[in-house]
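FYI, numbering that gives the first Met the number 0 numbers position 27 of the sequence shown as 26, with every residue one higher than the one before it.
Positions of the beta carbon are idealized from the N, C-alpha and C atoms, including for glycine.
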Amino acid sequence: MARETIKSLKEEIEKLKLQMNTLSEQNSRLIKQTDQEFLNSYVYRELSEKVQFLQNYSKTLENENQRLKDKLEEKTAEIGRLKAYTTTDSSMEPVPLSMINEQITEQNRKHAGRKPVFSAEQKEKIWSLRKAGLPMRAIAEQMECSLGTVHRILSQSK
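Written out as structure tokens, the structure is:
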């Protein structure tokens, strides 16, 4: 009786293994079928196109970023060179910027005010015309400036 029970249990195990194999095959077939249906679906195609577009866009942005980094390095190097030296001499010898800055601050400490309209020679000419007896209007017309400018120059020079 024990032999029959063992034999029947072994047969039962074999039947269950066969049933399990058929169910496993059926399960894998259904999984493949659903995967294929999803791959053929409109949503998958749309998402796939969007992913492709975003990958291309990402590559474009990376290229642009690299180009801008290279340009930044070039400009930084150029700024460094310009900060170190600048040429203002007629012999084109490099002069440090600190010296030029000192010269500018010596000329105009507060960096305020307007540039003079007339040079010293032109102011002398205005004075000589006034001493010659010309009225201020005539001087203004001759010097091609306003009457107020002539008046200011004559007032400051007194």
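In chain order, what residues of the same chain have a beta carbon less than 8 Å from the beta carbon of I125, not counting five sequence neighbours either side?
F117, I138, M142, V149, I152 and L153
C-beta atoms of R136 and L146 nearer than 9 Å
yes
Could you have a look at S118 and say whether DSSP puts it in helix, strand or coil?
coil
From S7 to K16, what distance separates their C-alpha atoms?
Answer to the nearest angstrom: the Cα atoms are 14 Å apart.
With DSSP collapsed to three states, give me the class of L133.
coil
Assuming F37 contacts Y43 under a Cβ cut-off of 8 Å, what Cβ separation, rounded to an integer in Å, is found between them?
6 Å
Using the C-alpha atoms, what's the distance from L60 back to D34?
Cα-Cα distance, rounded: 33 Å.
Alpha helix (DSSP H) segment containing E77, residue limits
Y41 to A83
Restricting to Cα atoms, I'd like to know which of L133, E140 and Q155 is closest to K122.
Q155
Can you tell me whether DSSP reads R28 as helix, strand or coil?
helix
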